[in-house]
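Counting with mature numbering (1 follows the signal peptide of the UniProt record, and there is no 0), you get residues -22 to -1, 1 to 346 for the letters of the sequence shown. No residue lacks a Cβ here, since even glycine has one placed at the ideal position from N, Cα and C. The structure under discussion appears below in the form of structure tokens.
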Amino acid sequence: MKKFIYIIVFVLYFLLSSNATAQTQQNFKPSEQKYEAVVTKVLEDKQIEISPDVFQPYQKVEVQITNNKLKGKKIIAELGGLVVTNNNLKTKLGDRVVITHLKKVDGSDQFFVSDFVRKDSLFILGLAFFLAVVVIGKWRGFASFLGLYFSFLILIKFIIPQIVAGANPIVIAILGSFFIITVTLYLAHGFSKKTTAALLGTLISLVITAALAFFFVNFLKLSGLGSEDASFLTMTPGVKINLQGIFLAGIIIGALGVLDDITVSQSACVFELAEANRNLTWRQLYTRGLNIGKDHIASLVNTLVLAYAGASLPLLLLFAISGGEPISALLNREMIAGEIVRTLVGSLGLVSAVPITTAIAASFSKNS
């Protein structure tokens, strides 16, 4: 229990002592105002042509602002005039929407519907997830949410502000990952040799993943400009960010979420084997644990590849529809090559985690 308190106090002190959050807020100042509103009337509903033979919905609606300084005011807003939209985004009476307020060149106001208000629906979904995990997982389920809270805290209060402040993204990602995995593993699984074996296996595998990512990103000369979001970062005034480092940090943090799953499973398997038969030698424990780990590798690598493919599905569809470009040219594009590197490097980290964690767990279980 004392160790648990020390970890919590140390992490909180580390986070709260950082002044990078304030700097982040100074660097990013909104250039537009956003309000929440309720649609009270649909004044116009039609299709407009945005390019030859390409149409999209256009609406002019009356909305009533429900927050901020314009609360209670009714205004006219457009949908589909300034942003790309489709029929799924058409509004109807009573819909809660996000209104963006811009100033035209002549100084007049312009309001348009930029999105739906989804926070209440997300809260219901999150609550259902929380209840399901706690009801089934009991204390461990609740502890996992405490760990999730710390993960977000470290990400939002440490990793992102430090990167914005100009720190090395790779170093920050590794440090942040160390704090995340240490707190979440001990919270969810308790202080034991089994958890410590999983923690050491995760940390060693994470360092291997970071080293492989650094090598292959430089070897393939990836700049980090493979996505539209990265391009926007380069145009943010007053902020200088190493995009290649951001890409590497993303690989490290992304791999962490899968690494802890496989290391905890491997460590638990080895300790169960040792508990079932105290006469097993270290080599026997390692061999049997590794046999179980092969199944973990087969399933998790497939999971990782499909997860990245699912996230990139619109991009893959775009290439399929455009056609005409040879596969070699597609693979040479940075956005495609970057996702391949992300997937394969993450998978290599997973593969390395199995023998490393199995060896550590076998040693710890024999000494327990």
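Between the alpha carbons of V76 and D31 lies a distance of about 29 Å. Contact between the segment 152 to 160 and the segment 176 to 186 is present, with at least three C-beta pairs closer than 8 Å.
Buried is the label assigned to Y164, since at least 16 other Cβ atoms lie within 10 Å of its Cβ. When rounded, the separation of the alpha-carbon atoms in E317 and G85 is 43 Å. At a Cβ-Cβ threshold of 8 Å, Q244 and G271 count as neighbours. As a beta-bridge residue in DSSP terms, R74 pairs with V16. Residue range I138 to V142 is occupied by the alpha helix (DSSP H) that includes P139.
Of the residues assessed, D273 falls on the exposed side of the cut-off, its CB having fewer than 16 other CB atoms within 10 angstroms.
Comparing alpha-carbon positions, the option among A331, K24 and E27 lying closest to L237 turns out to be A331. For D98, there is no enclosing beta strand (DSSP E); the enclosing alpha helix (DSSP H) covers residues K97 to I132. If you draw a straight line from the Cα of S290 to the Cα of Q222, it comes to about 19 Å.
Taking a cut-off of 8 Å for Cβ pairs, the segment 51 to 71 and the segment 97 to 111 do not touch, as fewer than three such pairs fall below it.
If you ignore the 5 residues before and after L124, its C-beta comes within less than 6 Å of the C-beta of L165, all in its own chain and listed in chain order.
Contact between the segment 186 to 196 and the segment 322 to 337 is present, with at least three C-beta pairs closer than 8 Å. By a beta-carbon distance limit of 8 Å, G232 does not contact C247. Their separation comes to about 24 Å.
Per DSSP, the beta-bridge partners of K24 are Y36.
Per DSSP, reduced to three states, the secondary structure at E250 is helical.
With a beta-carbon spacing of about 5 Å, L328 and L278 fall inside the 8 Å limit used to define contacts. E56 is bridged by DSSP to K38 and F90.
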